[in-house]
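Beneath this line is the structure, given in C-alpha cells, with notes to follow.
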Amino acid sequence: MFSSFRLSMTWLHTWFGLVLGYVLMACFFFGALSVFDREIDRWAVPQSHFEAQPMPSFDRLLDPVFRRMRAHPDDMEATARRVIGPLPERESLKPASFYAYTTHRDPVLDIGGEFGVANEPKDPADDHLHVHGWMTIDPRTGVEIPETSRKLGSDFFYPMHYSLHLHWMSLGYWIVGLAALVMLAALVSGVVMHRKIFRELFTFRPDKRTQRSALDLHNLTGVVALPFHFMFALSGLVIFAGIYLPVGDTLLKAQAEKHEKLEAARTGRPHDPAGVPAKMAPVDPMVAEAQRRWHERGMAGEVGYLFIDHVDDANATVSIYRAGTDRVALVGEGIHFKGTTGEVLHEDPPSSTASGINEFITGLHLQHFRHWLLRWFYFVGGMAGCACIATGFIFFVEKRKRQHAKDGSSGARWVDALAVTTVTGMIIATLAMLCANRLLPAELAGRDRWEESAFWLSWVLALIHAAWRTRPVLQARVAPAWADQVWAISGLALGAVILNAVTTGDALWQTIPDGYWPVAGIDLSLLATAALAVLVARRVRRAEVLSVSRAPADETPGPAPGFAAAETNRA
Amino acid sequence: MALARHSTPHIVSRVAASLLGGYAFTWGFASLGITAQLGVGVDYEDAYITVMLLAFLVFLAVFCWAIAAPRLSKVWAVLLGGGGAMTATAWWLTRSLA
Chain A
-6 MFSSFRLSMT
4 WLHTWFGLVL
14 GYVLMACFFF
24 GALSVFDREI
34 DRWAVPQSHF
44 EAQPMPSFDR
54 LLDPVFRRMR
64 AHPDDMEATA
74 RRVIGPLPER
84 ESLKPASFYA
94 YTTHRDPVLD
104 IGGEFGVANE
114 PKDPADDHLH
124 VHGWMTIDPR
134 TGVEIPETSR
144 KLGSDFFYPM
154 HYSLHLHWMS
164 LGYWIVGLAA
174 LVMLAALVSG
184 VVMHRKIFRE
194 LFTFRPDKRT
204 QRSALDLHNL
214 TGVVALPFHF
224 MFALSGLVIF
234 AGIYLPVGDT
244 LLKAQAEKHE
254 KLEAARTGRP
264 HDPAGVPAKM
274 APVDPMVAEA
284 QRRWHERGMA
294 GEVGYLFIDH
304 VDDANATVSI
314 YRAGTDRVAL
324 VGEGIHFKGT
334 TGEVLHEDPP
344 SSTASGINEF
354 ITGLHLQHFR
364 HWLLRWFYFV
374 GGMAGCACIA
384 TGFIFFVEKR
394 KRQHAKDGSS
404 GARWVDALAV
414 TTVTGMIIAT
424 LAMLCANRLL
434 PAELAGRDRW
444 EESAFWLSWV
454 LALIHAAWRT
464 RPVLQARVAP
474 AWADQVWAIS
484 GLALGAVILN
494 AVTTGDALWQ
504 TIPDGYWPVA
514 GIDLSLLATA
524 ALAVLVARRV
534 RRAEVLSVSR
544 APADETPGPA
554 PGFAAAETNR
564 A
Chain B
3 MALARHSTPH
13 IVSRVAASLL
23 GGYAFTWGFA
33 SLGITAQLGV
43 GVDYEDAYIT
53 VMLLAFLVFL
63 AVFCWAIAAP
73 RLSKVWAVLL
83 GGGGAMTATA
93 WWLTRSLA
C-alpha cells in the first residue's frame, strides 16, 4: 500500500486499531472480568453465599428437579418462529435430554435440557428442532434460584465478552471475531513498527508529556503481554471456528453427518432415539463407576458435566465428564453408559495430536483449572490489554489534537469522546449494574431487565457526557470528561461495596474473618478500583488544568498527522 | 504524507480486499484443507481441527499482505481467484469422495 512494508503496517495498526479498538476494549475488559465470573455471580446473588458444591446425587436430588423442569418460555417463543404450525402445549412436551454443569467455583448448579417437538421446521436445513429449558438450582436442596436473581458474571459479563449481547444474525460474534483478527494484526504490525522491542519492556517515563508517557505505556503493556494477547485472540477465534467458518454445515455437510453416524456406530452411542419408551437405570452407580475409572488413571474425580441423551428411550445414554480442575487442556475424559442398564458403552479414547492441541489452547482460554495465582495473572493480562488499547487512543489524540485545533478539525475530539465512552464509560456501566443489583428489591418483577437497563442506560449517559465534556480538545486541551468519569468510577465502586455490606450483611469485616474470599475478593477489588480511580482522577485533573494554562501560548506544532512511525522510531 | 496519495475509493477497496477477499481465501483454504485430508484417509474430526487451528493464521497472513501489497488489483485477483479455485476444487473433491 505504501512505499515500505513498515509504513503499510503502521497504517494498519493506526486505523484498524482505532476502529476495532473500541470493540477490543469491551472484549478485553469483560474477558478480564470473566476470569472471576463465578465470584461476581456469588457477589450478585446473595442466595448463593455459601461454599462451592460438588455435583449432587442424580437419583435423589436431580432427577425429581429435572422431571419438574419445563421448556423455557423464551425458547418456546423462539422455536415457535422456526416451525410450521403451532407448538404443542408447554406442559405436554416430553424431555429428550438433560444436562447438569458445575465447576469447582460454583455454589449453585446450572441444569437444563431439550424437549422434543414433532413440528416440521420452516427451513429444511434446520435439523436441530428442540425446545430448551434451563434453570439454576441450589444443589443442596434442589430449590430453584429465581431467574430474576441474575448471575451477572457468567450470565451477562461473560457473554458480553464474546457476543456483545448482539444476537441478531450472530452479529456480535462476527464483530468480536473481526476484532480478534485485527488484534492479531495489531500485534504483528506493532512488532514490525517497533524495532527496539526489548527496550520497550523497560521504558516508562510517566513524567514526560502525556503523549510520550502514553506511548511508553502502550508499548510496555503491548510487549510484556504479547504472547498472552496473541494466544487469546487466536484461541478465541478457534473456539468459535464453527461460527466463523461453517464449512461443516455447508460445503462439507454430508461428510460431517457421515462422521457423526460413524462415530455413533464406533462408540456404541446411538445417534438417534429408538422410539421405544424404556425405564432409566439409576445414574448414581454410573457416576461411582466413572469416578472409579478416573481414580484408576490417577485423575481428580469430580464430575463437571453430566449429560443424558434420549431420555426414557431404549437408546438412552448417560455421559459423565470430569471437571478439568487439574490440567490446562479442556478434556472431559467422558465415560458413556447405556441408560437403561448402566453398562459402560464407551470411554473417550486419548486425544489425537490435533485434538490435543485444540483442547490445550481451548483450555488455556477457558481456564477450568484450579490455580488462583494463574487466574490472577489472567486478570492482570486482560487489564494490561485494556491499558494497551486505552493508551493507544490517548496517543492517537495527543499526537493529532494540536494539528486538528489549528486546522479546525474535530477528529481528535470525537476519537477522544469515544475513547472516554469505551474506557471509563464501560467501567461506569459495569459498576452501575453492580449497584443496581444491590439496590433493586429482590421481589421486583423483571429485576434482571432493570439491571440490564441500568447497564446500558448509564453507558449511554457516559457517551453523552463524553461528547459534551470533550469540547476543550478542539483547543488542544485535555478533555475534562476523563477526570469527571474517573471520579464517577471511584464513587460507584465505593458505593457498590457499601451497598453489598448494607443489603446482604456480608460486609468485609464478616467475609474476611470467615475466609469467604469470593465475595470478599470482589469487595476488595472494588475498593482498590475506587482508590486507584482517586489517584488517576487527581493526576488527570492536574494535566487538564496545565493544558488550559498552556494551550493558548503553545504554538509549537505537534507531529504531522497520519503516521506514528516517525514518533515511534525515537522511542 | 504518503497517505494523501490514496483516494477514498482506493482505501475502501483495500480494506474490502483485506477483509472480504481474505475471508474468501480463508474459506477456500479451510474447505480444501479438510477435503484434501479426507481424500488421503484422515479422520474428519482430525482434518477439521487441524485446518481450524491454522485457518486464522492464514487469514492473518493474507490480511496483512492485502494491506501491504503494492498492487491492489493483484490482491483482489489472488484472494478471490485463489479462494474461488480452492473452494471449487474442494467441491469437486467432495463429489468424487462421495
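These protein sequences, in sequence, are chains A and B.
In this text, residue positions in the first sequence follow the numbering used here: the first is -6, and each later residue adds one.
In this text, residue positions in the second sequence follow the numbering used here: the first is 3, and each later residue adds one.
Note that CB positions come from ideal geometry on N, CA and C, so glycine has one too.
The model shown is predicted, which means the values in this text are computed figures rather than measured ones.
- Taking a cut-off of 8 Å for Cβ pairs, the stretch 477 to 488 of chain A and the stretch 164 to 178 of chain A do not touch, as fewer than three such pairs fall below it.
- Any Cβ of chain B closer than 8 Å to the Cβ of A/F389 would place that residue at the interface, and such an atom is absent.
- When the beta-carbon positions are compared, A/L213 and A/T196 come within less than 8 Å of each other.
- Scanning its chain for C-beta atoms nearer than 7 Å, with the 5 sequence neighbours on each side dropped, one finds around A/K87 the residues F108, G109, in chain order.
- In this structure the stretch 144 to 156 of chain A lies against the stretch 27 to 36 of chain A, because at least three pairs of beta carbons, one per stretch, are closer than 8 Å.
- Per DSSP, the continuous beta strand (DSSP E) segment holding A/F91 begins and ends at 88 to 94.
- A/F221 and A/G374 have their alpha carbons spaced roughly 7 Å apart.
- For A/F225, the closest Cβ of chain B is not nearer than 8 Å.
- Here the stretch 489 to 497 of chain A makes contact with the stretch 428 to 441 of chain A; the two share three or more CB pairs at distances below 8 Å.
- In the DSSP secondary-structure assignment, A/H329 is bridged to A/S312, A/H339.
- For chain A, the residues of the stretch 9 to 33 of chain B that bring a beta carbon within less than 8 Å of one of its beta carbons are R16, L21, T28, W29, A32, S33, in chain order.
- At least 8 Å separates the beta-carbon of A/L5 from that of A/S206.
- Using a 10 angstroms sphere on the CB of A/A486, the tally of other CB atoms reaches 16 or more, which defines it as buried.
- Look at A/H125 here: in three-state DSSP terms it is strand.
- Rounded to the nearest whole angstrom, the C-alpha separation of A/L171 and A/C20 is 11 Å.
- Beta-carbon to beta-carbon, A/T463 and A/V413 are separated by about 6 Å, close enough to satisfy the 8 Å threshold.
- With its beta carbon less than 8 Å from one in chain A, B/T37 belongs to the interface.
- DSSP, reduced to helix, strand and coil, places A/V321 outside both helices and strands of the structure shown, so it counts as coil.
- Only residues of its own chain outside the window of five on either side were considered, and among them V512, A513 have a CB closer than 6 Å to the CB of A/T504, listed in chain order.
- Only those residues of the stretch 222 to 251 of chain A whose C-beta falls short of 9 Å from the nearest C-beta of chain B are listed: A226, L227, L230, V231, A234, G235, Y237, L238, V240, G241, T243, L244, L245, A247, Q248, A249, K251.
- DSSP places A/G106 inside the beta strand (DSSP E), whose first and last residues are 102 to 109.
- Between the stretch 125 to 136 of chain A and the stretch 330 to 343 of chain A there are fewer than three C-beta pairs closer than 8 Å, too few to call the two in contact.
- Taking C-beta atoms as the reference points, A/A460 and A/V466 fail to come closer than 8 Å.
- Rounded to the nearest angstrom, the gap between the Cα atoms of A/A89 and A/H65 is 14 Å.
- Under the rule that a run must span 3 or more residues, no beta strand (DSSP E) segment is found entirely inside the stretch 446 to 504 of chain A.
- Here A/G215 is near A/C381, since their CB atoms are less than 8 Å apart.
- A check of alpha carbon separations from A/T3 across A/F362, A/F91, A/V184, A/I457 identifies A/V184 as the nearest.
- Residues of the same chain with a CB within less than 6 Å of the CB of A/G106, apart from the 5 flanking positions on each side, are P88, S90, F91, G126 in chain order.
- With a 10 Å radius around the Cβ and a threshold of 16 neighbouring Cβ atoms, A/M162 comes out exposed.
- Distances from the alpha-carbon of A/H303 to those of A/P266, A/S345, A/R133 put A/P266 closest.
- As computed with DSSP, A/P114 is found in a beta bridge with A/V76.
- Pairing A/V269 with A/A309, the inter-Cα distance amounts to about 10 Å.
- For A/F386, no beta strand (DSSP E) run applies; the uninterrupted alpha helix (DSSP H) run containing it begins and ends at 365 to 400, by DSSP.
- Within the stretch 70 to 98 of chain A, no residue has its Cβ closer than 9 Å to any Cβ of chain B.
- With a threshold of 8 Å between beta carbons, B/M54 makes contact with chain A.
- Within chain A, the C-beta atoms nearer than 8 Å to that of B/W93 come from L244, in chain order.
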